[in-house]
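**Q**
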Amino acid sequence: MKFYKCGSLKGEITIPGDKSISHRSVMFGSLAKGTTEIHNFLQGADCLSTISCFRSMGVDIENRGDKVLVHGQGIRGLKKPACILDCGNSGTTTRLISGILTAQDFTTTLTGDASIQKRPMKRITDPLSQMGAKIRCLNDNGCVPMEITGSPLYGIHYSSPVASAQVKSAILLAGLYADGETSVTEPYVSRDHTERMLSQFGADIRTEGTTAHICPARELYGQKILVPGDISSAAFFIAAGLIIPGSELLIHNVGINPTRSGILKVCQAMGGNLTFLNESYDKGEPTADILVKSSSLSGTTIKGAIIPTLIDELPIIAAMACFADGETVIRDAAELKVKESNRIDVMVRGLTTMGANVQETNDGMIIQGGKTLRGAVIDSKLDHRIAMTFAIAACMAEGETEILGAECVNISYPEFYKDLERLQ
Ligand code: S3P
666 MKFYKCGSLK GEITIPGDKS ISHRSVMFGS LAKGTTEIHN FLQGADCLST
716 ISCFRSMGVD IENRGDKVLV HGQGIRGLKK PACILDCGNS GTTTRLISGI
766 LTAQDFTTTL TGDASIQKRP MKRITDPLSQ MGAKIRCLND NGCVPMEITG
816 SPLYGIHYSS PVASAQVKSA ILLAGLYADG ETSVTEPYVS RDHTERMLSQ
866 FGADIRTEGT TAHICPAREL YGQKILVPGD ISSAAFFIAA GLIIPGSELL
916 IHNVGINPTR SGILKVCQAM GGNLTFLNES YDKGEPTADI LVKSSSLSGT
966 TIKGAIIPTL IDELPIIAAM ACFADGETVI RDAAELKVKE SNRIDVMVRG
1016 LTTMGANVQE TNDGMIIQGG KTLRGAVIDS KLDHRIAMTF AIAACMAEGE
1066 TEILGAECVN ISYPEFYKDL ERLQ
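Residue numbers for the sequence shown follow this note's numbering, beginning at 666 and rising by one.
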């Protein structure tokens, strides 16, 4: 797909539902008693993989587009699937479902696409095995395909070496079925949607600092969930609005959970003009409309505790930093190497090909802003966030940019290109 430099972006936009929250609403709804009604569910390929996995385990899920109805089977109600569960491209589906499957009274095999078959699963199989889980990586490489045989689980305390909500959530979900309390401590707090939503479904779960504790549950109860707009998708329009001169965008109903909203702090630290309107709080997840006005930005340093709160936004932050004055340093972000692609490598290569001054480091990158970017051919590596990042960079680059595999945005934001075009 080809992209060209564009003029200012103007108008209003409503961003599709949050991917992390959409996944969890289907998973917890499947384990609950009664019906869970989900509004603004993200109809992206990743969340559809979650629906399909739970349908294969006997859960009746009506996807009506504007709303999804999950007719829960109760906490012990999943059935052995007749086929291998295909998690597609979705790390969240793979890791969270694994936590649930460790406690079922059947054996399941999980797999996914070429990218998911390379992503590390040892980070979940280690703690789940400590709880008593029986998991076998069929290729002996610490990745899916993985066979999980349900077994009795023990409550543990786990100190995770990585700040990862997927790891934390897999352990907490297994903890629902353990013989006593389970807790997970992280180096820094990662997104807390599991904790917030499981509590809404009736689980006994609490957080103290960087530790989340859960007690075994007898039952969860179906809920009505209003999924906020995904800040990780809004991030592309926030960045575009700031860097494209003369832009003014009003982005409606964005989730601003503090464990997700690091990008907003970074934009403000860089001098970005953001105004928050209509702040509200619906059963656990805060939202706001965000008014973005183009701004002259300066470089900043991003490291430490803020990293997990903007981990998926680092590609677009790196692109934005190319248009800021001075140096931007991203550190403590080695996790980027094990996302849908190696996002440090892919970002550094792509931005360099476009003429930016970017240096790779072992846990991030250093960007010298202020160089004019020129169009180039960019391989998205079928990573949705990379494709969207370079589509925004292309709006500011001289000449033509071609993005290979651009259609991969269907993972998290199927209408992205249409929305971008409409605002021009
Ligand atoms: C997610 C957690 C993050 C994030 C991913 C979604 C989740 O991964 O990158 O896109 O829904 O829990 P990690 O928890 O592995 O950092």
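C-beta: ideal position from N, C-alpha, C; glycine also. These numbers were taken from a predicted model, which means no experiment stands behind them.
1. With a floor of 3 residues, list each beta strand (DSSP E) that falls wholly inside the stretch 720-787, ordered by position along the chain.
2. Once the 5 residues before and after Ile716 are set aside, which same chain residues still bring their CB inside 8 Å of it?
3. According to DSSP, is Tyr946 part of a helix, a strand, or is it coil?
4. By a C-beta neighbour count over all protein chains shown, 10 Å radius and 16 as the cutoff for buried, is Val854 buried or exposed?
5. Could you give the uninterrupted runs of the alpha helix (DSSP H) lying entirely in the stretch 887-971, keeping only those of 4 residues or more?
6. Going by Cα to Cα distance, which pick from Phe1081, Cys1073, Ile1068 and Ser721 is closest to Phe668?
7. Can you round the beta-carbon distance between Pro681 and Asp895 to whole angstroms, since I take them to be within the 8 Å contact cut?
8. Entirely within the stretch 817-846 and at least 3 residues each: give me those beta strand (DSSP E) ranges in chain order.
9. State yes or no: is the C-beta of Ser824 nearer than 8 Å to some heavy atom of the ligand S3P?
10. Which of helix, strand or coil does DSSP assign to Gln708?
11. Quick one: give me the first and last residue of the beta strand (DSSP E) that Ala877 is part of.
12. Per DSSP, Tyr1082 is paired with what?
13. Tell me which residues share the same chain as Met722 and place their Cβ nearer than 7 Å to its Cβ, disregarding the 5 neighbours each side in the sequence.
14. Here's the rule: buried if 16 or more other CB atoms are within 10 angstroms of the residue's CB, otherwise exposed. What is His878?
15. What does the alpha-carbon distance come out to for the pair Leu1088 and Gly676?
16. Is it the case that the CB of Lys1004 approaches a heavy atom of the ligand S3P more closely than 8 Å?
17. Under a Cβ-count criterion, where at least 16 other Cβ atoms within 10 Å of its own Cβ denotes burial, should His704 be classed as buried or exposed?
18. Between which residues of its own chain and Thr924 is the CB-CB distance below 7 Å, once the five residues before and five after are set aside?
19. So is the beta-carbon of Gly756 under 8 Å away from any non-hydrogen atom of the ligand S3P?
20. Compare the C-alpha of Glu1063 against each of Ile1076, Glu1080 and Val1042 and name the closest.
21. Can you tell me whether Pro860 is helix, strand or coil according to DSSP?
22. Do you know whose CA, among Glu846, Glu884, Ala999 and Lys1036, lies nearest Thr872's CA?
23. Out of Ile1076, Leu1085, Leu841 and Glu1080, point me to the one whose CA is closest to Ser1164's CA.
24. For the putative contact between Ile776 and Asp751, defined by C-beta atoms under 8 Å, what is the C-beta separation to the nearest angstrom?
25. Do you know how far the Cα of Gln1033 is from the Cα of Thr993?
**A** Checking against the coordinates, here is how it stands:
1. 725-728, 732-738 and 772-776
2. Position 51 of the sequence shown, counted from the start, is the residue given in the question as residue 716. Excluding sequence positions up to five before and after Ile716, its CB lies within less than 8 Å of the CB of Val691, Ile726, Asn728 and Val733, all in the same chain and listed in chain order.
3. Residue 946 sits at position 281 when you count from the first residue of the sequence shown. DSSP places Tyr946 in strand when its eight states are reduced to three.
4. Against the sequence shown, residue 854 aligns to sequence position 189. Val854 sits buried, since 16 or more C-beta atoms from the chains shown fall within 10 Å of its C-beta.
5. 896-908 and 927-934
6. Your numbering for residue 668 matches position 3 in the sequence shown. Per the Cα distances, Ile1068.
7. Against the sequence shown, residue 681 aligns to sequence position 16. Against the sequence shown, residue 895 aligns to sequence position 230. Indeed they touch by this definition, with Cβ atoms about 6 Å apart.
8. 822-824
9. Here the question's residue 824 lines up with position 159 in the sequence shown. Ser824: no, Cβ never under 8 Å from the ligand S3P.
10. What you label residue 708 is simply residue 43 of the sequence shown in a count that begins at 1. Reduced to three states, the DSSP call for Gln708 is coil.
11. Within the sequence shown, residue 877 is the residue found at index 212, counting from 1. Counting along the chain, the beta strand (DSSP E) containing Ala877 begins and ends at Thr876 to Ile879.
12. The count along the sequence shown starts at 1 and reaches residue 1082 at position 417. Answer is none; Tyr1082 lacks a bridge partner.
13. Reading the sequence shown from its first residue, position 57 is the one you call residue 722. Around Met722: Leu743, Lys744 and Pro746.
14. Against the sequence shown, residue 878 aligns to sequence position 213. By the neighbour-count rule (16 or more Cβ atoms within 10 Å), His878 is buried.
15. Counting from 1 along the sequence shown, the entry for residue 1088 is found at position 423. Counting from 1 along the sequence shown, the entry for residue 676 is found at position 11. Whole-angstrom Cα-Cα distance: 6 Å.
16. Counting from one through the sequence shown, the residue named residue 1004 turns up at place 339. Yes; taking the cut-off as 8 Å, the Cβ of Lys1004 has a heavy atom of the ligand S3P nearer than that.
17. Translated into positions along the sequence shown, residue 704 becomes position 39. It is exposed - the Cβ of His704 has fewer than 16 other Cβ atoms within 10 Å.
18. By one-based count along the sequence shown, residue 924 stands at place 259. Correct list, in chain order: Val854, Ser855, Arg856, Asp857 and Thr974.
19. Counting from 1 along the sequence shown, the entry for residue 756 is found at position 91. Indeed, a heavy atom of the ligand S3P lies less than 8 Å from the Cβ.
20. The sequence position of residue 1063 within the sequence shown is 398, counting from 1. With distances taken between Cα atoms, Glu1063 lies closest to Val1042.
21. For the purposes of this step, residue 860 is taken as residue 195 along the sequence shown, with counting starting at 1. With the sequence shown as reference, residue 860 is identified as Glu, and Pro is not the correct amino acid for it. Glu860 falls in the helix class under three-state DSSP.
22. Stepping through the sequence shown from its first residue, residue 872 is reached at position 207. Of Glu846, Glu884, Ala999 and Lys1036, the residue nearest in Cα terms is Glu846.
23. With the chain running from 666 to 1089 in the structure shown, residue 1164 is simply not present.
24. Your numbering for residue 776 matches position 111 in the sequence shown. Your numbering for residue 751 matches position 86 in the sequence shown. It should be pointed out that residue 776 corresponds to Thr in this sequence rather than to Ile. Yes, Thr776 and Asp751 are in contact; Cβ-Cβ is about 6 Å, under 8 Å.
25. In the sequence shown, the residue the question calls residue 993 occupies position 328. In the sequence shown, the residue the question calls residue 1033 occupies position 368. Note on geometry: alpha-carbon atoms of Thr993 and Gln1033 lie some 7 Å from one another.
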